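Quick note on my numbering: the sequence shown kicks off at 2 and runs consecutively.
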Amino acid sequence: MEDLRPWFPHQKGYYRTGAQSSIHSLFLSRVPIGEFLPVGSMTTEQRIERMSEAAPETALFLDHRWLKERPSEAEMVSQLMLLASGVATPETFKPQPCVRHRTKPAATFADPFQIFAQIFAPQK
2 MEDLRPWFPH QKGYYRTGAQ SSIHSLFLSR VPIGEFLPVG SMTTEQRIER
52 MSEAAPETAL FLDHRWLKER PSEAEMVSQL MLLASGVATP ETFKPQPCVR
102 HRTKPAATFA DPFQIFAQIF APQK
């Protein structure tokens, strides 16, 4: 979060537990936002919906409808910089994580009868 502070000085994190690693939501803003965030336990979508009309425009950065997996921290910072610089806008921006393909070993099949025949082949 400190990496983002130069671009988004106003930050409010919500955690599943007291642990810093359990972050659930992170609100980032270039203008004060804390006074507009509803208190209590709720989903991020509910929190945004319950913000007053006077609140700065707020939108989800990660939307489960767009993403199949959570982007890395580096990907999120990179994409946030596009928003902060004005290259992308919240209305048109849909973050895309890098596609991470797991390399799978090629499927192999060993015919046990062929192995047996090679081991115990008649001697010439």
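By construction, the Cβ of each residue, glycine as well, lies at the ideal position given by its N, Cα and C atoms. Treat the numbers as computed from the prediction; the structure is a model and nothing was measured.
query: Assigned exposure category for Q128 - 16 Cβ within 10 Å defines buried; result: Past the edges of the chain, shown from 2 to 125, lies residue 128, and the structure says nothing about it.
query: CB of R51 within 8 Å of CB of P33, strictly; result: no
query: For Q47: DSSP bridge partner residues; result: Note: Q47 sits in no beta bridge, so no partner.
query: Pair within 8 Å by beta-carbon distance, G41 and L27; result: no
query: Integer-rounded CB distance, given that T45 should sit under 8 Å from L61; result: 7 Å
query: For V78, the nearest candidate out of L29, G35, P123 (CA to CA); result: L29
query: Residue burial classification, R31 (beta-carbon count within 10 angstroms, cutoff 16); result: exposed
query: Contact under 8 Å by Cβ, R17 with H11; result: no
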